[in-house]
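Those protein sequence lines, which keep their order, are chains A and B. Here the first sequence is numbered in our numbering, starting from 12 and rising by one per residue. Here the second sequence is numbered in our numbering, starting from 12 and rising by one per residue. Note that CB positions come from ideal geometry on N, CA and C, so glycine has one too. Nothing here was measured: the structure is a model prediction, and the numbers come from that model. Written below as structure tokens is the structure these notes are about.
2 protein chains.
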Amino acid sequence: MFCNEAGASIEVAGILENPDMSRLDRSLIARLPAFQGLTPDDLDRVLARATPLRIAKGAPIFECEQEAQSFFLLLDGHVRVVRTTPQGQEVIIRYISPGELLGIAIAVGRATYPATAVAAIDCVVLAWPSQLWPDFVAAYPGFAGNAYKTIGDRLQDAHARVIELSTAQVDQRVALALVKLAQQTGKPTAEGLLIDFPISRQDIAEMTGTTLHTVSRLLTAWQESGLVKSGRQKVTVVDSDRLLALAEAAPS
Amino acid sequence: MFCNEAGASIEVAGILENPDMSRLDRSLIARLPAFQGLTPDDLDRVLARATPLRIAKGAPIFECEQEAQSFFLLLDGHVRVVRTTPQGQEVIIRYISPGELLGIAIAVGRATYPATAVAAIDCVVLAWPSQLWPDFVAAYPGFAGNAYKTIGDRLQDAHARVIELSTAQVDQRVALALVKLAQQTGKPTAEGLLIDFPISRQDIAEMTGTTLHTVSRLLTAWQESGLVKSGRQKVTVVDSDRLLALAEAAPS
DNA sequence: CGTCCATTTGATCAGGGTCAAGACGAGTGG
DNA sequence: CCACTCGTCTTGACCCTGATCAAATGGACG
């Protein structure tokens with residue numbers, strides 16, 4: 012179960028090799044928003060029920076429509092949440108960063124996952140069986156509250172994207188998507204905020220409802236004006252402010 | 012508090028005139044999904060804390076960014092949930108039908124409403140103070156569960172719209188919006204399913220991310236081919252099946 | 001009967017999708 | 001170590017969908 016097509020050869024911080032992983036990162040884990048308000052004892056009990064999993068880059072964590080047997084917390088890596096249309100076009104719903112919950116369909120009474128989650132890079136997640144959800148809600152109201160807050164944020168986010176797609180031009184949407192990604196996952200470098208996982212033009216297109224061609228043209232144009240710097244599956248946001256201004260500007 | 016700019020002159024089923032309204036519709040209310048799983052006694056207690064309100068057509072129930080002092084249940088009428096962009100463009104997030112909860116920001120830990128709700132026609136709602144939410148969740152887990160299910164459905168819906176806006180053509184989006192509205196609120200007539208509240212071309216445009224001009228052209232074209240029948244602020248879906256086929260067809 | 005708002009319809013045009021081709025880089029197997 | 005291949009990215013040319021601009025028509029309501 013810890014292996015998948017490339018599982019055997021992955022080298023992630025040796026969490027699985029350490030039988031006592033939960034104690035190892037306890038202090039880090041305790042700090043996650045998902046666990047705010049839990050007593051150390053409660054946290055112990057919650058972590059004791061979790062199964063750590065390592066997911067290879069490109070491997071699915073769960074698939075759309077599949078029975079929701081577990082819910083997850085991303086400890087390390089980045090996850091892409093995707094839906095495919097009947098015609099086979101993919102749309103990226105969101106990227107998940109370390110510390111976030113995912114696959115929490117069970118929290119809103121769904122029996123199946125509404126989307127597919129794929130590891131954008133090698134990931135480490137904690138998994139809990141869905142049956143535990145009602146117990147967790149009853150025993151650790153803080154945990155449930157944080158989970159519902161997450162759902163509320165995502166609902167808000169989804170509405171924001173509906174509004175964006177309805178009213179903004181392609182360049183604005185792409186600019187905003189890059190700014191958000193940079194804020195969410197940006198790693199500071201000499202040149203600016205580097206998006207911390209491989210992301211192709213195609214990926215950006217699937218996030219913003221456009222084509223890789225248009226994204227490519229925009230990125231080269233912005234590179235020339237010093238807003239971004241980009242390479243193969245790599246984007247660095249150089250001037251976040253000007254990019255954001257572009258995203259919010261009236262369509263000149 | 013029961014009055015607003017047009018409040019005094021509205022004529023809605025005389026619920027407020029009846030001091031005992033809750034007993035009046037008890038059997039109807041008990042049947043709403045929001046209350047499934049509550050014992051009659053619990054339902055009594057829940058309803059005893061509710062304030063019935065009458066909202067005139069066009070009047071707001073709550074406004075975006077405003078402090079979320081209450082949550083609501085729509086008993087009668089139809090509510091349009093709207094967001095306005097900084098540039099002043101309006102986007103219709105959804106229409107609420109009788110029996111649905113609204114303004115449940117508090118359930119996901121928000122202090123303010125994320126959107127504006129406006130009565131599309133004269134409405135009757137029940138309002139509860141937000142402070143009651145934690146008590147309700149604790150005392151009536153079924154109520155909370157149903158509320159979270161509602162939120163899950165809306166999240167699902169929002170994602171569906173993101174996908175639509177990202178991948179479908181305007182005509183498909185408009186067709187799908189009409190089919191959904193007809194299913195949700197359609198009143199059977201001799202000609203087909205009549206959408207049960209005044210809805211303008213502009214409204215449909217704001218739901219689908221297009222312009223009233225394009226909607227107008229589509230509706231006249233579809234009227235000629237017998238798919239719909241429409242008039243001033245009025246749309247009847249004549250051939251739901253063919254309209255749905257159009258919505259799902261590959262962009263020929 | 002006049003005013004206001006919703007709707008229709010035509011003409012124009014541009015944003016951005018589609019089609020096509022080539023360049024570049026990275027990993028693979030010989 | 002190099003040649004090959006595949007996937008990503010770039011760039012040009014073209015054209016279509018649907019927005020924009022403009023104006024007229026038609027109900028509804030005071």
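Counting other Cβ atoms within 10 Å of its Cβ, T95 (chain A) stays below 16 and is therefore classed as exposed. With contacts defined as CB atoms closer than 7 angstroms, M218 (chain A) and A188 (chain A) qualify as a contacting pair. With the criterion set as a beta carbon lying under 7 angstroms from some beta carbon of chain A, the members of the stretch 152-173 of chain B are G156, Y159, K160, I162, G163, R165, L166, Q167, A169, H170, R172 and V173, in sequence order. Residue pairing by DSSP leaves S251 (chain B) without any beta bridge partner.
Excluding residues up to 5 positions away in sequence, L223 lie with their Cβ nearer than 7 angstroms to the Cβ of Q213 (chain A) in the same chain. Within the same chain, Cβ atoms closer than 6 angstroms to the Cβ of K68 (chain B) are found at A130, I132 and D133, the five residues on either side in sequence being excluded. The DSSP-derived three-state label of G242 (chain A) is strand. For K160 (chain A), the enclosing alpha helix (DSSP H) has its first and last residue at P152 to T178. By the 16-neighbour rule on beta-carbons within 10 angstroms, D207 (chain B) is buried. Listed along chain B are I174, S177 and T178, each with a C-beta nearer than 9 angstroms to that of Q100 (chain A). Beta-carbon to beta-carbon, V57 (chain A) and L49 (chain A) are separated by about 7 angstroms, close enough to satisfy the 8 angstroms threshold. Judged by their CB atoms, V102 (chain A) and S177 (chain B) are nearer to each other than the 7 angstroms cut-off. At a beta-carbon threshold of 8 angstroms, the residues of chain A lying near P97 (chain B) are E259, ordered along the chain. Taking the C-beta atoms as reference points, L254 (chain B) is found no nearer than 7 angstroms to L230 (chain B). In this structure, DSSP gives A128 (chain A) an extended state, which the three-state scheme calls strand. Per DSSP, reduced to three states, the secondary structure at I40 (chain B) is helical. When the alpha-carbon of E175 (chain A) is set against those of B:F154, B:I104 and B:A201, the nearest one is in B:I104. For I104 (chain B), a Cβ of chain A is located within less than 7 angstroms of the residue's own Cβ. Annotation for E101 (chain A): the continuous beta strand (DSSP E) segment containing it runs E101 to I107. Within chain A, G156, Y159, K160 and G163 have C-beta atoms less than 7 angstroms from the C-beta of G120 (chain B), given in sequence order.
For Q80 (chain A) against P125 (chain A), the beta-carbon gap comes to about 15 angstroms, at or over 8 angstroms, which does not count as contact.
Within the same chain, E202, G203, G237, L238, V239 and K240 come within 7 angstroms of V249 (chain A) by CB-CB distance, once the 5 residues on both sides are set aside.
Looking at the DSSP output, P209 (chain A) shares a beta bridge with no other residue. Taking the Cα positions, L205 (chain A) is about 19 angstroms away from R184 (chain A).
In the displayed model, D87 (chain B) falls within a strand according to three-state DSSP. Rounded to whole angstroms, F83 (chain B) and Q77 (chain B) show a C-alpha spacing of 15 angstroms. Between P109 (chain B) and G88 (chain B), the beta carbon gap of about 7 angstroms places them in contact (Cβ cut-off 8 angstroms). With a contact defined as Cβ atoms closer than 8 angstroms, T247 (chain A) and T196 (chain A) miss out at about 12 angstroms.
Judged by DSSP in its simplified three-state form, T225 (chain A) adopts helix.
At least one CB of chain A lies nearer than 7 angstroms to the CB of P125 (chain B).
Looking at the backbone, the Cα of A158 (chain B) and that of A258 (chain B) are separated by about 30 angstroms.
Among the residues of the stretch 66-94 of chain A, those with a Cβ less than 9 angstroms away from any Cβ of chain B are R94, in the order of the chain. A distance of 7 angstroms or more separates the beta carbons of I210 (chain A) and V226 (chain A). Note that the C-beta distance between L54 (chain B) and V136 (chain B) is not below 7 angstroms. Beta bridge pairing from DSSP links A138 (chain B) with B:T62 and B:F83. For P145 (chain B), the secondary structure class from DSSP, reduced to helix, strand or coil, is helix.
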